[in-house]
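See structure below.
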Amino acid sequence: MRDGKTAPRPCRPRSGAGRTRRCCPGGRRGGAGRHGSKMAEYVEVLKRAMKHLGGHGGVRGAMWQLLRVNDLKTGTLVGTDKYGNRYYEDKRNFFGRHRWVIYTNEMNGKNTFWEVDGSMVPPEWHRWLHSMTDDPPTTHPPVARKFIWENHKFNLSGTPGQYVPYSTTRKKIQEWVPPTMASK
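Heads up: the sequence shown begins at 1 in the UniProt record's numbering, then just goes up one per residue.
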């Protein structure tokens, strides 16, 4: 505090995201100096962004992923099912968000890019995806059961092919079909 100048403030430990370190790795004794390592932090952010972009197929792939799923995640590929769905895991995320599926674009001849459905996950991967087991079907295949379908059947709710139980009564009012010009 000589000559009317104030003394430099000491560096305080920085906390957050589980880390406690000094804000200036070199401090006053040399090194990068007071907040001189900001460029290194920017480089790390850029590296993480490039890793995310590379994991989704570049800028175009990342944009399609954002439009389709509204989320960009990177993790380890655990396996792929017979339909082409890819299953990922990232143990750094909290429980319930650490496993996810990237659905295939086409399934059984139907374009499913915009119409993803939870029933598109086969039963053997459903167990792992919902954390019923920690063993994926790639390492521990399930026992074959006769009730497990060989081919996927789409959810037909809200369509004319939907399941209607036997005890359901028939409609009292039928839809009107206008006559065509050929029938007149």
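Idealized CB from N, CA, C, for every residue including glycine.
- Under the DSSP assignment, Trp125 falls in the alpha helix (DSSP H) whose first and last residues are 123-129.
- In the structure shown, Met107 falls within a strand segment according to DSSP collapsed to helix, strand and coil.
- Between Gly79 and Thr133, the C-beta gap is not smaller than 8 Å, which leaves the two residues out of contact.
- The C-beta distance from Leu53 to Ala62 rounds to 5 Å, short enough to fall under 8 Å.
- Measuring C-alpha to C-alpha distances from Glu124 to each of Tyr163, Asn111, Arg145, Lys73 identifies Arg145 as the nearest.
- Looking from the CA of Thr112, the closest CA among Arg68, Leu46, Asp90, Gly161 belongs to Arg68.
- In the DSSP assignment, Leu77 falls within the unbroken beta strand (DSSP E) covering 76-80.
- With fewer than 16 other beta carbons inside 10 angstroms of its own, Leu156 counts as exposed.
- Comparing alpha-carbon positions, the option among His130, Gln162, Phe154 lying closest to Glu115 turns out to be Phe154.
- Secondary structure at Val101: strand, using DSSP grouped into helix, strand and coil.
- Spanning the alpha carbons of Thr104 and Met181 requires a straight line of approximately 44 Å.
- When the five nearest sequence neighbours on each side are left out, the beta carbons in the same chain lying within less than 8 Å of the beta carbon of Gln162 are those of Leu156, in order along the chain.
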